[in-house]
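Sequential numbering of the first sequence, starting at 1, is according to our numbering. Inspection log for the structure reproduced underneath, given as structure tokens.
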Amino acid sequence: MDSLNLEEQLAAIKRGVGDVFPEEELVEKLKRSLAEKRPLRVKLGVDPTATDLHLGHMVPLLKLKTFQDLGHQAVLIIGDYTAMLGDPSGRNKARPQLTHDQVMANCRTYEEQAFKILDRSRTEVVFNGSWFSKMHFTDVIALLSRMTLARMLEREDFANRYNNELPIGLHELVYPLMQGYDSAMVRADVEMGGMDQKFNILVGRDIQRELGQEPQVGVCVPILLGTDGVEKMSKSLGNYIAIQDGPSEMYGKTMSIPDELMDMYFELLTEVPGRELEEIRTGLAKGTHHPRNVKRRLAREIVARFHGPEAAKEAEEEFDLVFIKGELPEDMPKLSLGSESIWIVELLRLAGFASSNGEGRRLIQGGGVRIDGQQVADVDLEWIPEDGAVIQVGKRRFIKVALK
RNA sequence: GGAGGGAUUCCCGAGUUGGCCAAAGGGGGCAGACUGUAAAUCUGCUGGCGAUGCCUUCGGAGGUUCGAAUCCUCCUCCCUCCA
1 MDSLNLEEQL
11 AAIKRGVGDV
21 FPEEELVEKL
31 KRSLAEKRPL
41 RVKLGVDPTA
51 TDLHLGHMVP
61 LLKLKTFQDL
71 GHQAVLIIGD
81 YTAMLGDPSG
91 RNKARPQLTH
101 DQVMANCRTY
111 EEQAFKILDR
121 SRTEVVFNGS
131 WFSKMHFTDV
141 IALLSRMTLA
151 RMLEREDFAN
161 RYNNELPIGL
171 HELVYPLMQG
181 YDSAMVRADV
191 EMGGMDQKFN
201 ILVGRDIQRE
211 LGQEPQVGVC
221 VPILLGTDGV
231 EKMSKSLGNY
241 IAIQDGPSEM
251 YGKTMSIPDE
261 LMDMYFELLT
271 EVPGRELEEI
281 RTGLAKGTHH
291 PRNVKRRLAR
301 EIVARFHGPE
311 AAKEAEEEFD
321 LVFIKGELPE
331 DMPKLSLGSE
341 SIWIVELLRL
351 AGFASSNGEG
361 RRLIQGGGVR
371 IDGQQVADVD
381 LEWIPEDGAV
391 IQVGKRRFIK
401 VALK
């Protein structure tokens, strides 16, 4: 794996990358690394602010994995202290502050999901609390004195907030310094991050320089857009594909992304070689590739990455069955009922398809409810449960009735 | 510390001469048609309740009134300007 030459390494690193700065320094570092047979220390800092990760979180991790596969040393920094502040990058308001306990509680699931991608045995994991918790206020002042307000206000997010008269918490100004300090503490050669991390990574270079270290090189990956194709992928917007989604769910969500997003997803989330991607692009442009089939390939690649090839194949078969052939899925959740009649709206609630009677009513009135393929028109329907009957809501929600 | 502005339903945002307000409009979401579970487009729905009515909602607590998102008092939070 470490036998790759400079050009091959560079190509692998730059695939799907948004920005490398400065690139000449990366080349220098790689050359030296090859000559001295000394792996580069590649840092990625993550703040365990959430418990369930999605594909957007995976993009930098996948790039870190690339470095790892090239024989470099992955350094994963768990930002137990930085998470308490919340990274202001790209934000139009301050993040909620978490307590250290909350952060530590998130850590376990975070790592678990991150190591679906990274090779745990070859990853150095460090908590930044291991140095921040020991700092004195005098140390903090020394750190703060390395930054000026003017520089902070060069940042678009802060500048916007400032100009729009939105609040900027002082603690938020500290964040980039902490992240930069992390780089110095682990003597990073390279720091990975999303495009929104550019400023923070540059601060890291400054701090390293001031502490007499060679500055790190920044490698920024693009921000993954969510399934709506407009906003960045995020849990709060609901446009995400979770790492913990099952194969069918993950496959289906991928199929539902806008076509324009396919290229980005292929590049950032799969290992399909660049040459092949080029062929897919021209095929789509010329109309020789059907977009749907290209997307199926994409969905397969993604599911295979997190659940294995076998699961990907099964997910595809089920998808084809349900949505292309219009048949019922093989595995449906079961709902056990007694044999006495039940009000249809009540049934929808029991099945979890509606959270209130009102919502159930609306689904029926909107024509979205079917029993064994028959549209339900009557809101007051009293239905006598039949064993094996299939209740369907919309195109993708099914449940099978089982009599007690 | 002083002066002023504001808090509305998932979000943004109307509504403040008290009733016609479960509250305009937009966004988002859900469902239907069309399709490739894509996009675009069109249509309907979008507080709760087995429900021609009842209940809860317009930052919080009280009050005025037959009746308050709208008026009064106090409180909380946020923003701006001056220091």
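Virtual Cβ for every residue (Gly too), placed ideally from N, Cα, C.
Item to check | Cβ-Cβ distance between I243 and T270 below 8 angstroms | outcome: Position 243 of the first sequence, counted from the start, is the residue given in the question as residue 243. Position 270 of the first sequence, counted from the start, is the residue given in the question as residue 270. Taking C-beta atoms as the reference points, I243 and T270 fail to come closer than 8 angstroms.
Item to check | Boundaries (first-last residue) of the alpha helix (DSSP H) holding E426 | outcome: In the structure as shown, the chain begins at 1 and stops at 404. Residue 426 is therefore absent and cannot be evaluated.
Next on the checklist: For the beta strand (DSSP E) containing M192, name the first residue and the last one.
Outcome noted: The residue given as residue 192 occupies position 192 in the first sequence. Counting along the chain, the beta strand (DSSP E) containing M192 begins and ends at 190-194.
Next on the checklist: Looking only at its chain, what residues have a beta carbon closer than 7 angstroms to the beta carbon of H100, apart from the 5 residues adjacent to it on each side?
Outcome noted: In the first sequence, residue 100 corresponds to position 100, counting from 1. D80, M84.
Next on the checklist: Taking the straight line between their C-alpha atoms, what separation do you get for L328 and V376?
Outcome noted: Numbered from its first residue, the first sequence carries residue 328 at position 328. Numbered from its first residue, the first sequence carries residue 376 at position 376. Their Cα atoms are separated by approximately 18 angstroms.
Checklist entry - Where does H290 fall in DSSP's three states? => result Along the first sequence, read from residue 1 onward, the residue named residue 290 stands at position 290. Three-state DSSP puts H290 in coil, outside helix and strand.
Checklist entry - Rounded to a whole number of angstroms, what is the C-alpha to C-alpha distance between A150 and F199? => result Here residue 150 refers to the residue found at position 150 when the first sequence is read from its first residue. Here residue 199 refers to the residue found at position 199 when the first sequence is read from its first residue. For A150 and F199, the distance between alpha carbons rounds to 13 angstroms.
Checklist entry - Per the contact definition of three or more C-beta pairs closer than 8 angstroms, is the region 109-121 in contact with the region 60-72? => result A contact is defined here as three or more CB-CB pairs under 8 angstroms, and the region 60-72 meets this definition with respect to the region 109-121.
Next on the checklist: For A354 and L403, what's the separation of their Cα atoms in angstroms?
Outcome noted: On the first sequence, position 354 is the one that residue 354 refers to. On the first sequence, position 403 is the one that residue 403 refers to. Inter-residue distance for A354 and L403 is about 21 angstroms (C-alpha atoms, whole angstroms).
Checklist entry - What are the boundary residues of the beta strand (DSSP E) that includes L335? => result What you label residue 335 is simply residue 335 of the first sequence in a count that begins at 1. Note, L335: beta strand (DSSP E), 334-337.
Checklist entry - Near R396, what residues of its chain come up, given a Cβ to Cβ distance below 6 angstroms and the 5 sequence neighbours on each side ignored? => result Translated into the one-based positions of the first sequence, residue 396 becomes position 396. Same-chain partners within the cutoff: there are none.
Item to check | Under the three-state DSSP convention, the category D182 falls into | outcome: Within the first sequence, residue 182 is the residue found at index 182, counting from 1. Three-state DSSP puts D182 in a helix.
Checklist entry - Comparing alpha-carbon positions, which option in P222, Y181, R205, P215 lies nearest G193? => result Position 193 of the first sequence holds residue 193. For the residues P222, Y181, R205, P215, the minimum Cα distance to G193 belongs to P222.
Next on the checklist: For A402, report the span of its beta strand (DSSP E) as first-last.
Outcome noted: Looking up residue 402 in the first sequence gives position 402. In this chain, the beta strand (DSSP E) harbouring A402 covers 397-403.
Checklist entry - What separation, rounded to the nearest whole angstrom, lies between the Cα atoms of V46 and C107? => result Within the first sequence, the letter at position 46 stands for residue 46. Within the first sequence, the letter at position 107 stands for residue 107. Approximately 10 angstroms, taken between the alpha carbons.
Checklist entry - Taking the alpha-carbon positions, what's the N128 to E276 distance? => result If you number the first sequence from 1, residue 128 lands on position 128. If you number the first sequence from 1, residue 276 lands on position 276. Using only the alpha carbons, I get a separation of about 40 angstroms.
Next on the checklist: So within the region 346-394, which uninterrupted beta strand (DSSP E) runs reach at least 3 residues, ignoring any that extend past its ends?
Outcome noted: Taken in chain order, the whole beta strand (DSSP E) runs of length 3 or more contained in the region 346-394 are 369-371, 390-393.
Checklist entry - Does the distance from the CB of R41 to the CB of V75 come in under 8 angstroms? => result Mapped onto the first sequence, residue 41 falls at position 41. Mapped onto the first sequence, residue 75 falls at position 75. Contact flag set, yes.
Item to check | Collapsed DSSP secondary structure at A285 in the structure displayed | outcome: In the first sequence, residue 285 corresponds to position 285, counting from 1. Of the three classes helix, strand and coil, the one that applies to A285 here is helix, per DSSP.
Checklist entry - Thinking C-alpha only, which one of G352, L347, N357, S356 is nearest I371? => result Start at 1 with the first residue of the first sequence, and residue 371 comes out as number 371. Out of G352, L347, N357, S356, L347 has the C-alpha closest to the C-alpha of I371.
Checklist entry - Is Q9 helix, strand or coil by DSSP? => result Residue 9 sits at position 9 when you count from the first residue of the first sequence. It is helical.
Next on the checklist: Among the candidates P48, Q73, G71, whose CA atom is the shortest distance from the CA of L98?
Outcome noted: In the first sequence, the residue the question calls residue 98 occupies position 98. Closest by alpha carbon: P48.
Next on the checklist: Three or more C-beta pairs under 8 angstroms: does that hold for the region 317-325 against the region 356-375?
Outcome noted: By the criterion of at least three beta-carbon pairs nearer than 8 angstroms, the region 317-325 is not in contact with the region 356-375.
Checklist entry - Going by Cα to Cα distance, which pick from I399, V126, L381, G394 is closest to D387? => result Taking the first residue of the first sequence as 1, we reach residue 387 at position 387. Of all alpha-carbon atoms in I399, V126, L381, G394, the one lying nearest the alpha-carbon of D387 is that of I399.
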